[in-house]
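Numbering (the UniProt record's numbering), first residue to last: 1 to 477. Think of the CB as a built atom: it goes at the ideal place given N, C-alpha and C, for glycine as much as any other residue. What follows is a single structure, written as C-alpha cells, with notes after it.
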C-alpha cells in the first residue's frame, strides 16, 4: 500500500486526532475529540440510499451475505440503521435525547426483527453489531426511502447525509439505487453533494441500476439489457456530474444466491426434471408458476421460491440445472451471484471507495477538527490556537487534498476537459506515485499548455496547476 498517494495525509490526520484527544483530555470537549478520532479510525461508512422500493435493504443483505435488514415496510425501515462488525450480536438505539439503549431482537426468516420498545419518532438511528467478515472493513448504512409518501422518511435520510463547514456527513461514500434516472434521483444527488469536497461528490458516489432482473418483463436477457442501460448512463456527461459510475445489480438474485439452501436447490431440480412442455408452460408467467395444478411441488413452495428468486431468478436457476451449467446447490449459488452483477459493485467499492473515500474521510476529519477548534476557541481553551495551527498546516501542505479537489471539479462537471485529461485526473486519485519519467514529462508539458491557455478559466487553471505538480512529483520520484 506504500504506493497509494493518500497514505501520508491519512497518517498526518491520524496524528492530529491523537493531538486533539491529548489536548482535550479531562475537559468537556474530550468526548467530541474521541468521537472524531473513532470515526476517522473506524471502517469506511457506506450509505445505501434511493427511492422507496428501490431494493436498498435487499442490496445491503447481498453485500453482507446474510439476510439481516428487513425488506418489508415495518417500523425499522423508517429509521437510519448502521450495520457494523462486532464480536457478538448486538442491537442498540441512539435516541433523540442523546441516550443509547440496547434493544431486544430475534431472527425472522433470517432477517432481524427488532423490538423498538418505543415510537420510532423517539429514535435517531439504530446500530446493529454483527460478527460478519463482510463488515470488517466497511460499515453499511440502510436509509429510509426518498421521495416517499411519508416525507419524514426522506427527511431522516437527508438529515443523516447532510453536512456543513464544521460537521462532515455521516457517510464516507454513497451507493445510490435507482430503477431509472428519475428527476427525484438527480435532485437528491445534486442537493446531497452540494458541490462540496468535504461532503459528497462524484468522487465517492456510485449509482446502481437496481432490480435489474425486472427490466423488460423479466425476459431471459434482462441482465444483459440492464448492463447496456447502466453503461449508457455511466457515459452520460450529466450523470457523471452526479456519480463516478453506474452498474446494474439484481439484489434479490445476489441475496438469495448467497443464502441458497440445499432444500431450495432440490425443489428447483425437481421442477427442472419436469417434461419440457410442462416446464415451459410453468415458467410462462408468475400466475402460471403459482397455479395449484401446475407441478407436483405445492403452490406454497413455489410461491416461496418466487419470493426468494423472482420469476427471472426461477427461470435462470431452472435453465442452469436443465443445461447442466450447475449440478449442486453450491454451483447454483455461485451462478446466481455471478449473474446478479454483485461482483462489479464489490469491485467498485474496493477500487474506488476504499482508496478515495479514506482520503475524503481525512478531509472531513479536518472539517470536524475545525469545528472542535471553534468550540475550544469560544471557551478560551489554552490549546485552541495550537490545534488550529496544526489543522491549518495539515490542510495546506497535503498535496493529496489538492488532487482530491481537482478530481471533484472534473467529475462534478465544474471543469470540462478532453477525455484523456479527465482520465488522467481520475487515475491520479488511486494510481502509483512513481511512473515512467518520459510519460510524466509529457504529461507535465500537456498540463502546462492547459494552464497557460488564455481561454482557460480559473478553475481549469487550478486543476492544470495541481496536475502539473502531481506529474512533477512523479518525475522526481
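Pull up the CB-CB distance for residue i and residue j, whole angstroms please, since I reckon it's below 8 Å.
{"i": "residue 377", "j": "residue 384", "result": "4 Å"}
{"i": "residue 483", "j": "residue 206", "result": "Residue numbering for the chain in the displayed model covers 1 to 477; residue 483 lies beyond these limits and cannot be assessed."}
{"i": "residue 53", "j": "residue 142", "result": "That pair is no contact at about 14 Å."}
{"i": "residue 391", "j": "residue 373", "result": "6 Å"}
{"i": "residue 395", "j": "residue 359", "result": "With a Cβ gap of about 13 Å, residue 395 and residue 359 do not count as contacting."}
{"i": "residue 468", "j": "residue 448", "result": "6 Å"}
{"i": "residue 264", "j": "residue 305", "result": "7 Å"}
{"i": "residue 21", "j": "residue 35", "result": "The pair is not a contact, with the Cβ atoms about 10 Å apart (cut-off 8 Å)."}
{"i": "residue 356", "j": "residue 204", "result": "6 Å"}
{"i": "residue 29", "j": "residue 375", "result": "6 Å"}
When burial is assigned at 16 or more other CB atoms within 10 Å of the CB, is residue i buried or exposed?
{"i": "residue 479", "result": "Because the chain is modelled from 1 through 477, residue 479 falls outside the range shown and cannot be assessed."}
{"i": "residue 144", "result": "buried"}
{"i": "residue 17", "result": "buried"}
{"i": "residue 12", "result": "buried"}
{"i": "residue 361", "result": "buried"}
{"i": "residue 343", "result": "exposed"}
{"i": "residue 280", "result": "exposed"}
{"i": "residue 41", "result": "exposed"}
{"i": "residue 155", "result": "exposed"}
{"i": "residue 84", "result": "buried"}
{"i": "residue 470", "result": "buried"}
{"i": "residue 119", "result": "exposed"}
{"i": "residue 255", "result": "buried"}
{"i": "residue 232", "result": "exposed"}
{"i": "residue 257", "result": "buried"}
{"i": "residue 298", "result": "exposed"}
If you compare alpha carbons, which of the options is closest to residue i?
{"i": "residue 139", "options": "349, 373, 323 and 230", "result": "349"}
{"i": "residue 208", "options": "308, 49, 289 and 287", "result": "49"}
{"i": "residue 260", "options": "286, 405 and 336", "result": "336"}
{"i": "residue 242", "options": "66, 353 and 408", "result": "408"}
{"i": "residue 400", "options": "429, 47, 416 and 373", "result": "429"}
{"i": "residue 456", "options": "414, 420 and 112", "result": "414"}
{"i": "residue 444", "options": "421, 458 and 459", "result": "421"}
{"i": "residue 410", "options": "397, 426, 398 and 396", "result": "426"}
{"i": "residue 288", "options": "314, 447 and 269", "result": "314"}
{"i": "residue 328", "options": "356, 284, 262 and 476", "result": "262"}
{"i": "residue 47", "options": "214, 60 and 268", "result": "60"}
{"i": "residue 214", "options": "297, 332, 340 and 298", "result": "340"}
{"i": "residue 460", "options": "477, 424 and 406", "result": "406"}
{"i": "residue 268", "options": "388, 230, 132 and 326", "result": "326"}
{"i": "residue 135", "options": "88, 283 and 107", "result": "88"}
{"i": "residue 122", "options": "76, 387 and 418", "result": "76"}
{"i": "residue 66", "options": "130, 388 and 347", "result": "130"}
{"i": "residue 105", "options": "64, 70 and 382", "result": "70"}
{"i": "residue 132", "options": "64, 157, 90 and 216", "result": "64"}
Would residue i and residue j be called neighbours here (beta carbons separated by less than 7 Å)?
{"i": "residue 311", "j": "residue 286", "result": "yes"}
{"i": "residue 126", "j": "residue 81", "result": "yes"}
{"i": "residue 250", "j": "residue 212", "result": "yes"}
{"i": "residue 226", "j": "residue 248", "result": "yes"}
{"i": "residue 58", "j": "residue 252", "result": "yes"}
{"i": "residue 179", "j": "residue 210", "result": "yes"}
{"i": "residue 102", "j": "residue 111", "result": "no"}
{"i": "residue 137", "j": "residue 202", "result": "no"}
{"i": "residue 442", "j": "residue 465", "result": "no"}
{"i": "residue 416", "j": "residue 440", "result": "no"}
{"i": "residue 295", "j": "residue 283", "result": "no"}
{"i": "residue 124", "j": "residue 96", "result": "yes"}
{"i": "residue 100", "j": "residue 108", "result": "no"}
{"i": "residue 246", "j": "residue 230", "result": "yes"}
{"i": "residue 387", "j": "residue 23", "result": "yes"}
{"i": "residue 62", "j": "residue 353", "result": "no"}
{"i": "residue 402", "j": "residue 9", "result": "no"}
For a cutoff of 7 Å on Cβ pairs, would you count residue i as touching chain B?
{"i": "residue 36", "result": "Among the protein chains of the structure shown there is no chain B, as only one such chain exists."}
Discussion item. Closer than 8 Å is the cut-off here; do at least three beta carbon pairs connect the segment 264-279 with the segment 308-326?
Written reply: yes
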